[in-house]
Structure formats: structure tokens, C-alpha cells
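Enquirer:
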Amino acid sequence: VKVGDVIEIESLNIEEGNFIAKVTQINLRTSKVLTRNDKVLVIPNSKLTHESVINWSLGNHINRFSIEITFNFGVDVDKVKEILVDAALKHPNVYKSKRPFVRLLKFGNSGLEMDLVFWAHQNLFIERLKSDIRFDIEKELRTNGITIPYPQRVVHLPGQDNHPKT
Numbered sequence: 001v002k003v004g005d006v007i008e009i010e011s012l013n014i015e016e017g018n019f020i021a022k023v024t025q026i027n028l029r030t031s032k033v034l035t036r037n038d039k040v041l042v043i044p045n046s047k048l049t050h051e052s053v054i055n056w057s058l059g060n061h062i063n064r065f066s067i068e069i070t071f072n073f074g075v076d077v078d079k080v081k082e083i084l085v086d087a088a089l090k091h092p093n094v095y096k097s098k099r100p101f102v103r104l105l106k107f108g109n110s111g112l113e114m115d116l117v118f119w120a121h122q123n124l125f126i127e128r129l130k131s132d133i134r135f136d137i138e139k140e141l142r143t144n145g146i147t148i149p150y151p152q153r154v155v156h157l158p159g160q161d162n163h164p165k166t
């Protein structure tokens with residue numbers, strides 16, 4: 001790990017999931033990192049040496065990212081795949097040499113769960129890039145009359161017969 005590297009380490013109880021930051025300074029006992037929220041944090045070096053650290057900057061500067069999205073059952077999946085891939089390819093920061101692709105992850109409770117997989121330069125602010133792509137996806141879905149399902153729940157109220165009659 002060196003200054004300028006983008007790293008991912010176990011949560012520091014600041015954000016959900018793993019913690020992603022850019023190393024700005026390394027001292028004898030502590031290091032300073034810049035978070036995605038533009039905050040500078042001082043963390044003990046033991047966090048970098050005793051825990052799992054993914055160095056996004058080590059080796060290849062191109063990393064794989066994904067955006068998960070759910071569609072209604074019965075949607076034209078070929079059209080959805082086309083819209084998702086085109087949205088990724090339109091973004092100037094998406095790596096074009098590795099073509100983005102779409103996977104059908106599972107048949108979920110609310111619809112078809114898919115993800116768009118693409119490559120981009122390692123980037124501390126990858127969520128901004130993903131947001132740009134999501135905006136373009138939403139616009140194209142709306143233009144093509146494709147909707148995203150709302151989660152549906154069945155609520156059983158106490159005192160009511162919730163069993164079907166036979």
C-alpha cells in the first residue's frame with residue numbers, strides 16, 4: 001500500500017459494507033485516507049497490516065464493477081440487455097475494450113434480478129459513475145415503456161381469517 005492507492009478494507013463502522021478510501025499519507029503508526037465523502041480519516045497502520053485489504057490500484061488499473069437492477073417478469077430481456085449495455089458504453093469513463101455484459105442473477109420475489117457488469121479505471125468515486133449510468137438507464141427504460149417493479153408484500157391482520165376456504 002502506498003500513497004495514492006485506492007483501498008478497500010473491512011468496515012470502520014463509518015459506512016455499510018467494506019470501507020473504500022484513497023491513501024493520502026502514511027506515517028509510522030497511522031495513515032491518512034480520503035473517504036468518498038471527502039473526509040480525511042486517520043487509521044492505525046495495524047488496520048492495513050492485520051486485516052484483509054483489497055488494493056484497487058495494485059497491478060491492473062482497470063476494475064470490474066456492477067449495477068444491480070430488477071425488472072418485471074415478462075419484460076423483453078433482449079431489449080433490457082441492449083439498454084443496459086448501451087448506457088454503460090455511452091459513459092466516457094467506462095473501459096470500451098472489455099464489452100459490458102448483463103447477467104440474469106435470479107428469479108426474485110419481485111421480478112428478474114439482473115446486473116450490468118462493466119470495467120472502469122479504479123476510481124474512489126465510482127458511485128458517481130454508477131449514478132450517471134443509472135440516470136441514463138432510467139431515461140431509456142422510460143422511453144421504451146419498461147418499468148421497474150415495486151416490492152409487494154402480503155399483510156395478514158390479526159383477528160382476520162387468513163386461510164382460504166376449501
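Counting in my numbering, the sequence shown runs from 1 upward without gaps. Quick reminder that beta carbons are idealized off the backbone N, C-alpha and C, glycines included. Since the model is a prediction, treat every value here as computed from it, not as a measurement.
1) Of all the options Lys22, Leu141, Ile43, Pro158, which has the alpha carbon lying nearest to the alpha carbon of Ile83?
2) CA-CA distance, Ile9 and Leu105?
3) Give the DSSP-derived three-state secondary structure of Ile137 in the structure shown.
4) Would you give the residue range spanned by the beta strand (DSSP E) that Ile69 belongs to?
5) If I'm right that Val3 touches Val23 with Cβ under 8 Å, what's the distance once you round it to whole angstroms?
6) In angstroms with no decimal places, state the Cα-to-Cα distance between Met114 and Glu138.
7) Quick check: what's the CA-CA separation for Val80 versus Arg99?
8) Taking all protein chains shown into account, decide if Thr147 is buried (16 or more other Cβ within 10 angstroms of its Cβ) or exposed.
9) How would you call Thr143, buried or exposed, if buried means at least 16 neighbouring beta carbons within 10 angstroms?
10) Find out if the Cβ-Cβ distance for the pair Arg64, Glu127 is shorter than 8 Å.
11) Could you compute how far the alpha carbon of Asp132 sits from the alpha carbon of Asn27?
12) If you run the structure through DSSP and keep just helix, strand and coil, what is Lys81?
Expert: The relevant details are as follows:
1) Nearest of Lys22, Leu141, Ile43, Pro158 to Ile83, Cα basis: Leu141.
2) 26 Å
3) Three-state result, Ile137: helix.
4) Its beta strand (DSSP E) spans residues 62-71.
5) 5 Å
6) 15 Å
7) About 16 Å.
8) Burial call: exposed.
9) exposed
10) Going by C-beta atoms, Arg64 is not nearer than 8 Å to Glu127.
11) 36 Å
12) helix
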